[in-house]
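Residue numbers (this note's numbering), protein chains in the order written: chain A, 1 to 380; chain B, 1001 to 1667.
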């Protein structure tokens, strides 16, 4: 009896929790006094929710209770509400929300197949993608950046969730906001979507926020080998335009260095072959890269080198690229000879540097028409 | 990012240096709004290949902690390529520091353990694992409050019940299940706590005399260590409970808080005794310490100055390739610092714009800090390809990292790893020098080498700076004459090795604009003399030295006197590593352990394969040996045909040795 009784009470409690939370959140925008008392009420509710979600070291959480809590969160649209108001919560509540979200997004009812998408995640991706957009907007406030970023990076392992963020166009009901199937992957982005805000968040925020936003940005661009190359191909100009002007030229040392490194990673990723060949065809891109080699910061030089090498190693260099390399051939040869000389224990780097020197030295004296690339033959 | 960070930076007023390690320097600072003392750590991001993400990861873990048992993180921001991390100031030092005078009493250990358990209980409830509990990572406030520090390898679990498999920690303190990589949870921290308790009781962890890699085999294989000797039953039982090999049977932090040994522990204030004991101990062995005030280093700027005497890449088709004059390799122009003192002046101006101190220091405050103001961190010092030992730090083979535990607050965050060998071998000492010493002290192997091609290179670099310089008397130097005679060679050397660095040092430590101007003019005059008549400058100095030595008072005051702060001479704060000009590093023998580069654990291995090797990296005895090797290189014996230079070289040598004696009386 006691067992059944306990269960019954717990069930109403967990459903109640979501209802109560929703009520309190509606007061957050009210007068200050009301909002303050709502916050302290919410703090208790959220702590209780967190406990329900993950239990303690001593007691297991009950899948039954978690199931009811997760469905409660969905029914009351709490995921959206919590994400929107995240920065307004006190410190401990923000951490509780982080735990609630990441637990909810991983929860599968015991009956569900372990390969199915977790309940809350599939609901959000298909029915309430605005939750993801609001989580991204967590980067607008220092308070919410870290918890939101933590949840985001978990969620972004799911390709559909990443697609929602990439293809958002800033409209509340835009494509992707009505479910994944409505996304037209060949339509170029209008540049107003939440994805494009990352550039500013990374460039303009304080270190903590910027570095976290960059981590999410990197995950977004490196985790999905099918989604991202296609996206980059369709939005090539917009993406690399912003990337080069905002991130690579950032005044922030960290942003600059990390974004050059990420650029190298993107270009050298096998799945991005077409993006890479398009990138290294551009003389403008080569100029930017060569200027990085002359940076006064040696780690910037070093990361720049890993982009530069792609231009030089490319067997089908465009005329523009050949011209620039030839125009600077003598300088480059001398320069590379002494480039980052003190990296004596980095054998791979030394080998690559030697290789580049050889390549540049052996270039024909005048630009030659590049052979047609295998990729293009198929295209024609 | 820059503007946002600037706003945070404004909240702090930086005071003196607290300590330094390979990760950077720690300063004491005031939080302006509250008047609270804080510790600010500078991490030079340029000096490491490490992924910035790792640092950020640690900040993320720290910033989500709010417990009085965990060092409090306040803020972080970027200035140029330095990351500043603002932490709570903990004046008591680390437990490892406090162990130096001797082991702790049982009563003290009980208090520390209770506080640590409270901290661990907090962390574990937050789903965090510390993974590197040891005395070096336990910090005390001046009041005796105990705080967990160094979250460099801490983990945030997605669920408090999830397990980890990563191989991290410091071998002696690692739990068997961590080593066996069969999955572990918060109980691993409890094991490390038990080892830390042993460390406090015995002065070192079990197996401390064994190679750390071997210890990794012993810990899972052997029976758990026991506390033996004259200790209470409760204490012995506490240790054995912490050191239960099966993590499932090992009690949690919450359980252990109920243990009798812990319940009977006293108040944290009692730990002040340990702090006082350490202060007394320090006082008995410390010489006078000078606070080192915060000054921005010039590394960035120097690097920036190198920027291109040549005209960059040619992207414009108008310029034909042939028309471009052959360019000297960039590094070649770096060979010498272009450091006429006016260049330094420029540096300061540029610093204000880019990489300067938190607030422009007023001239008055500069005046009171009549010390070497230009600090260079060897880690980023530009390599002088012309110098005999260019940038050793950079050339060193990759070494396993070891926590730098030289200073209490160091332990509280970030890169506290030094690359040192794991076996603690002390091979031939290596010298890490910074550029001033390079010019002044480290004589070349051949005693009077051909003059470096410095005059010309200096002229070149000066030309590039000219627009920023105040109008000066002799801004157009005549082309330098060739130094043909021995006197001329010596004269050149005299200028390069003694006059110019000395002048620079004086200039850097002088605040008043008039004095600076006067010094600049004098330096210019010397530079001119050096350019047109090096023999003259040699003769002049010879006369000066010999007249000085003939006058008894002058003789004792100048010739016999120890050098002033001529070199970038840092007074080494007690117990602190890596401050002085000649720093002895233990030999970098490559680690014996061979692992596949692809092994995901290799990295953590490297980080953690450590011992207390570098505990006191600059003990007098090592310095002594260092001195020996240095002496061998000194111009003691003159080359045949150079006897007439003896007088000068003896004088210079005398000053050099005096300088060493002053700093290291043991020698």
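We put the beta carbon where it would ideally sit given N, CA and C, even for glycine. Just so we're clear, the structure is a prediction, and the values are computed from it rather than from any experiment.
Helix, strand or coil at residue i according to DSSP, with G and I counted as helix
i: residue 369 of chain A; result: coil
i: residue 1019 of chain B; result: strand
i: residue 1156 of chain B; result: strand
i: residue 157 of chain A; result: coil
i: residue 49 of chain A; result: helix
i: residue 1077 of chain B; result: strand
i: residue 1087 of chain B; result: strand
i: residue 1227 of chain B; result: coil
i: residue 223 of chain A; result: coil
i: residue 1313 of chain B; result: coil
i: residue 107 of chain A; result: coil
i: residue 363 of chain A; result: coil
i: residue 19 of chain A; result: helix
i: residue 126 of chain A; result: helix
i: residue 325 of chain A; result: helix
i: residue 249 of chain A; result: coil
i: residue 386 of chain A; result: One cannot answer for residue 386 of chain A here, as it falls past the ends of chain A, which runs 1 to 380.
i: residue 1103 of chain B; result: coil
i: residue 332 of chain A; result: helix
i: residue 101 of chain A; result: helix
i: residue 192 of chain A; result: coil
i: residue 315 of chain A; result: coil
i: residue 210 of chain A; result: helix
Burial state of residue i (16 or more Cβ within 10 Å)
i: residue 185 of chain A; result: exposed
i: residue 1035 of chain B; result: exposed
i: residue 83 of chain A; result: buried
i: residue 1494 of chain B; result: buried
i: residue 1500 of chain B; result: buried
i: residue 1112 of chain B; result: buried
i: residue 33 of chain A; result: exposed
i: residue 319 of chain A; result: exposed
i: residue 1141 of chain B; result: buried
i: residue 1230 of chain B; result: exposed
i: residue 313 of chain A; result: exposed
i: residue 348 of chain A; result: exposed
i: residue 1325 of chain B; result: In this prediction, residue 1325 of chain B has a pLDDT of 37, which is less than 50 and means its spatial position is unreliable; nothing more can be read from the coordinates.
i: residue 1258 of chain B; result: exposed
i: residue 231 of chain A; result: buried
Opposing strand residues paired with residue i [DSSP bridges]
i: residue 152 of chain A; result: Its beta-bridge partners do not exist; DSSP assigns none.
i: residue 1094 of chain B; result: B:1139
i: residue 1014 of chain B; result: B:1029
i: residue 1146 of chain B; result: B:1140
i: residue 1164 of chain B; result: B:1184
i: residue 1129 of chain B; result: B:1155
i: residue 261 of chain A; result: Answer is none; residue 261 of chain A lacks a bridge partner.
i: residue 1082 of chain B; result: B:1044 and B:1079
Closer than 6 Å: residue i CB and nearest the ligand GDP heavy atom
i: residue 69 of chain A; result: The ligand GDP is absent from the structure shown, which contains no ligand whatsoever.
Problem - At least 3 beta-carbon pairs within less than 8 Å: the stretch 1122-1139 of chain B vs the stretch 1147-1154 of chain B - result: yes
Practice task
Jot down the residue ranges of each uninterrupted beta strand (DSSP E) in the stretch 1018-1073 of chain B, minimum 3 residues, whole runs only, in chain order.
Solution key: 1024-1031 and 1037-1044
Practice task
Could you tell me whether the stretch 1011-1027 of chain B touches the stretch 1036-1046 of chain B, where touching means 3 or more Cβ pairs closer than 8 Å?
Solution key: yes
Practice task
For the stretch 95-103 of chain A and the stretch 76-84 of chain A, state whether three or more C-beta atom pairs, one from each stretch, are separated by less than 8 Å.
Solution key: yes
Exercise for the section: Answer yes if the stretch 1167-1185 of chain B comes into contact with the stretch 1197-1208 of chain B, meaning at least three C-beta pairs across the two stretches below 8 Å, and no otherwise. Expected result: yes
Problem - Cβ contact check for the stretch 257-271 of chain A and the stretch 300-309 of chain A: 3 or more pairs under 8 Å - result: yes
Handout entry: Any 3 or more C-beta pairs closer than 8 Å across the stretch 1183-1190 of chain B and the stretch 1086-1105 of chain B
Key = no
Problem - Three CB pairs or more closer than 8 Å across the stretch 141-149 of chain A and the stretch 84-99 of chain A - result: yes
Exercise for the section: Could you tell me whether the stretch 116-131 of chain A touches the stretch 189-201 of chain A, using the rule of 3 or more Cβ pairs below 8 Å? Expected result: no
Problem - Continuous beta strand (DSSP E) assignments of at least 3 residues falling wholly in the stretch 1199-1267 of chain B - result: none
Practice task
Could you tell me whether the stretch 1248-1263 of chain B touches the stretch 1211-1226 of chain B, using the rule of 3 or more Cβ pairs below 8 Å?
Solution key: no
Handout entry: the stretch 200-220 of chain A contacting the stretch 1003-1013 of chain B, beta-carbon criterion three pairs below 8 Å
Key = yes
Exercise for the section: Indicate whether the contact test is met: 3 or more Cβ pairs, each with one atom in the stretch 1116-1135 of chain B and one in the stretch 1064-1081 of chain B, closer than 8 Å. Expected result: yes
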